[in-house]
Amino acid sequence: MAIIGNYPFLVEPFTEDATGNLSWGLLGNQLLRCAGMQAGSCGFGFEDMEQYHHVWVLARLIIDMDEMPRTGQAYNIQTWVTKVYHQFTDRLFTISSPEGHTFGHAFSTWALINYETREPMDLAHLPEGNIMDFTSPKTIPLKKAGRCRVTADCPMKSNPVYYSDLDINGHVNSIRYIQMAADLFTQEICSEGHSLYRVEVGFANETYLGDTLHFYTDGFHDNQAQVDIRRNDGKTAAKVALFFR
């Protein structure tokens, strides 16, 4: 078992965005995949918890990239649990080249819930061992997330939830919220040459096939944008803050 997991990747053709950089969607999904693999190596992964009717739920995600790997470049994702408190655990990531050059870092907060009752579980009573035995004090230089405040009372856009938005659990893939929020500012990004370098996401309520997502934003100001993604019932599904160079 590895308290700090290390997973190698390569930016292959068709995994990049329009600039030739690794796409944000793929990077986000790889971070979540590495989290699952490292947790599994310690005995508390998704498959391990499923037998107890428990599932890990992502509550917060920050990704901050100094630069993105480009086509043909190899990169590694390191990940480890750094803190456990009540129903939540914090997990950190470093994205770097095989030679040790750091591309960026990420932070995530997870909760373990019973997928039948939807109630959070106390991690001190995690089945099959003590998760505290698998934490690392290693830190990363990452600024905490700010508050996402949106005052708009009319959505900029509304989208039905489609088949391709869903993950294996049947709800909208967490990373899709980042992609859909960034798509609201395609013109600004493409025409003015802004480069997305940081995203902050707070997840609130799951959304499913048949739901419609409504995107509220005050627009693109000072090289950043904030988006409140709401369901038909008015409840927030996720809040996304985007930061550009």
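To get the working numbering, take the position in the sequence shown, counting from 1, and add 230.
Yeah, the Cβ is synthetic: ideal placement off N, Cα and C, and Gly gets one too.
Remember, predicted model here, so these are calculated numbers, not experimental data.
Three or more C-beta pairs closer than 8 Å, one from the segment 392–402 and one from the segment 428–443: is that the case here? Segments in contact, yes.
Return helix, strand or coil for residue 425, following the three-state DSSP convention. DSSP, read as helix, strand or coil, puts residue 425 in coil.
Delimiting residues of the beta strand (DSSP E) encompassing residue 408: Per DSSP, residue 408 lies in no beta strand (DSSP E); the unbroken alpha helix (DSSP H) holding it starts and ends at 404–413.
Identity of the residue in 401, 343, 294 nearest residue 316 by Cα: Residue 316 has its Cα closest to that of 343, out of 401, 343, 294.
Per DSSP, what kind of secondary structure is residue 288 in: helix, strand or coil? Reduced to three states, the DSSP call for residue 288 is strand.
Tell me, to the nearest whole angstrom, how far the beta carbon of residue 340 is from that of residue 286; I am working on the premise that it is less than 8 Å. The Cβ separation is near 5 Å, so the contact holds.
Among 279, 446, 332, 288, which has the Cα closest to the Cα of residue 386? Ranking the options by Cα distance to residue 386, first place goes to 446.
DSSP state of residue 382, grouped into three classes? DSSP places residue 382 in coil when its eight states are reduced to three.
Please state whether the Cβ-Cβ distance between residue 270 and residue 405 is less than 7 Å. Not in contact: residue 270 and residue 405 (Cβ atoms no closer than 7 Å).
Where do the N-terminal and C-terminal ends of the beta strand (DSSP E) with residue 321 fall, by residue? First-last of the beta strand (DSSP E) with residue 321: 318–326.
Option in 384, 335, 388, 414 with minimal Cα separation from residue 299: The option with the nearest alpha carbon to residue 299 is 335.
Does DSSP put residue 361 in a helix, in a strand, or in coil? Correct three-state label for residue 361: helix.
Look up residue 306 in the DSSP assignment and say whether it is helix, strand or coil. Strand.
Looking at the secondary structure, which residues open and close the beta strand (DSSP E) in which residue 443 lies? First-last of the beta strand (DSSP E) with residue 443: 442–451.
In the DSSP assignment, find the beta strand (DSSP E) that holds residue 235 and state where it starts and stops. Run containing residue 235: 235–240, per the beta strand (DSSP E) assignment.
Residue from 425, 371, 407, 295 whose Cα sits closest to the Cα of residue 327: The option with the nearest alpha carbon to residue 327 is 295.
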